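For reference, each letter of the sequence shown is one residue, going -24 to -1, 1 to 362 in mature numbering (1 follows the signal peptide of the UniProt record, and there is no 0).
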Amino acid sequence: MKLRKACLLVLLLALAQLLAVASAGGPDADSNKEEAIEEDEEEEEEEEEEEDDLEVKEENGVLVLTDVNFDNFVADKDTVLLEFYAPWCGHCKQFAPEYEKIASTLKENDPPIPVAKIDATSESALASRFDVSGYPTIKILKKGQAVDYEGSRTQDEIIAKVKEISQPNWTPPPEVTLVLTKDNFDEVVNDADIILVEFYAPWCGHCKKLAPEYEKAAILDEGGRKFAMEPDEFDSDTLREFVTAFKKGKLKPVIKSQPVPKNNKGPVKVVVGKTFDSIVMDPKKDVLIEFYAPWCGHCKQLEPVYTALGKKYKGHKNLVVAKMDATANDITNDRYKVEGFPTIYFAPSGDKKNPIKFEDGNRDLEHLSKFVEEHATKPRRTREDL
């Protein structure tokens, strides 16, 4: 009897101890569960935010692509029609209803062809990537490769071109003459004494008429200047006369240029195509030149800093701080390569053929000033040093 009581007592004590442990561990267990639930909820929220960023919105039947969702969207698409536009552009506003009709028509195509638009003023990475320099710019993406559309901005013509390129067996049309691209340009130019370059548009009637002779010709000299051939009649004789005149130095280069500013006495001198040589290539002066695009967000952020830099060095006669809209003006020297915006070069006096590119990612006043001081050909003091 005593043994049974003792066993029962031990059992009760063990049970009480288990209950105490369970009671003590209860809040911690609940807390751990709550933390796990909160972590799961945070992960779900992050995934939802990422999905929201990649979501492609639609406006009046036209898809809206951004720097964030572009690559994800086009990755598995064979053909995509793209329009780069600016909200303030009058031509873009006029074209919008026509573009929406194009989107509606191509949506019914078999298979459907996506039609998208990109605000080049806010999606600056895409605008730079696709070399957008005017509005609207239309491109057709074929398996990730951009094809420039240079025809008229009409529904029928654009749809016809898109459908042509969307065909499985479509390839770029063969050319009788050599096609210069970014990949082969330097190699071709370096291996030739004279380059005859054709600037053409597929829809141009005169170009098609001239094709057996040479369509439309221009000479590109070693400095990157263009000399256009614009006679009344195109044949082999006029082409020969054109080349002869160039070799004798009788031709004037054709330069795309904004009007020369009448008042150009601000802290930052404005350079246009016609004044590039006289300002940037002036052998007696150091020149810091910024190449920008009006729609570029980074350029807009840089503007107050660059103006402050111009004011800082305003009193130095041998140093010029300048800027140039590279979308509206020709850069008449091929040593100044612009592949994105903004691009900044320092052109030292006496050595204009070897400009120094600003590679530092920090485009603030301190780093830009340091860049100028390091490469200035003559020691100089700023107003702050006086």
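We treat Cβ as the ideally placed atom computed from N, Cα and C, and that holds for glycine. None of the values given here were measured: they were computed from a predicted structure.
Residue i classed as buried or exposed, judged by whether at least 16 other C-beta atoms fall within 10 angstroms
{"i": "residue 100", "result": "buried"}
{"i": "residue 349", "result": "exposed"}
{"i": "residue 144", "result": "exposed"}
{"i": "residue 347", "result": "buried"}
{"i": "residue 331", "result": "buried"}
{"i": "residue 271", "result": "buried"}
{"i": "residue 52", "result": "exposed"}
{"i": "residue 306", "result": "buried"}
{"i": "residue 153", "result": "Residue placement at residue 153 is flagged as unreliable, the pLDDT there being 45, under the threshold of 50; a coordinate-derived value is accordingly withheld."}
{"i": "residue 188", "result": "For residue 188, the predicted structure reports a pLDDT of 42, less than 50, and the residue's modelled location is therefore unreliable. The matter cannot be settled from this model."}
{"i": "residue 286", "result": "buried"}
{"i": "residue 249", "result": "buried"}
{"i": "residue 220", "result": "exposed"}
{"i": "residue 147", "result": "exposed"}
{"i": "residue 115", "result": "buried"}
{"i": "residue 247", "result": "buried"}
Rounded Cβ spacing between residue i and residue j (contact assumed at less than 8 Å)
{"i": "residue 255", "j": "residue 245", "result": "6 Å"}
{"i": "residue 38", "j": "residue 75", "result": "6 Å"}
{"i": "residue 55", "j": "residue 137", "result": "Not quite, the Cβ-Cβ distance comes to about 11 Å (not below 8 Å), so this is no contact."}
{"i": "residue 317", "j": "residue 269", "result": "4 Å"}
{"i": "residue 111", "j": "residue 122", "result": "Contact doesn't hold; Cβ gap of about 16 Å is too wide."}
{"i": "residue 243", "j": "residue 290", "result": "5 Å"}
{"i": "residue 40", "j": "residue 93", "result": "6 Å"}
{"i": "residue 82", "j": "residue 57", "result": "7 Å"}
{"i": "residue 129", "j": "residue 60", "result": "About 13 Å separates the two Cβ atoms, so there is no contact after all."}
{"i": "residue 134", "j": "residue 125", "result": "7 Å"}
{"i": "residue 296", "j": "residue 261", "result": "5 Å"}
{"i": "residue 308", "j": "residue 253", "result": "6 Å"}
In DSSP terms, what residue i is bridged to
{"i": "residue 75", "result": "Paired residues: none, contrary to the question."}
{"i": "residue 33", "result": "40"}
{"i": "residue 255", "result": "In DSSP, residue 255 forms no bridge with anything."}
{"i": "residue 116", "result": "57, 123"}
{"i": "residue 92", "result": "39, 58"}
{"i": "residue 50", "result": "DSSP lists no partner for residue 50."}
{"i": "residue 246", "result": "299"}
{"i": "residue 322", "result": "264, 332"}
Limits of the beta strand (DSSP E) - the one that residue i falls within
{"i": "residue 372", "result": "Because the chain is modelled from -24 through 362, residue 372 falls outside the range shown and cannot be assessed."}
{"i": "residue 334", "result": "Premise fails: residue 334 is in no beta strand (DSSP E) and is neither H nor E."}
{"i": "residue 295", "result": "295 to 301"}
{"i": "residue 267", "result": "262 to 268"}
{"i": "residue 353", "result": "From DSSP, residue 353 is part of no beta strand (DSSP E); its letter is neither H nor E."}
Unbroken alpha helix (DSSP H) run spanning residue i, endpoints
{"i": "residue 138", "result": "131 to 142"}
{"i": "residue 101", "result": "100 to 105"}
{"i": "residue 288", "result": "273 to 288"}
{"i": "residue 317", "result": "Element bounds for residue 317: n/a, residue is neither H nor E."}
The ligand GDP heavy atom lying under 7 Å from the CB of residue i
{"i": "residue 315", "result": "This structure simply doesn't include the ligand GDP, nor any ligand for that matter."}
Would you be able to state if there are at least three C-beta pairs under 8 Å between the segment 317 to 326 and the segment 255 to 267?
-> yes
Stretch pair the segment 271 to 283 + the segment 331 to 341: three plus CB contacts closer than 8 Å = In short, these stretches touch, since the Cβ pair count reaches three.
Would you say the segment 84 to 102 touches the segment 293 to 309, given that touching needs at least three Cβ pairs under 8 Å?
-> At 8 Å Cβ cutoff, the stretches do not touch.
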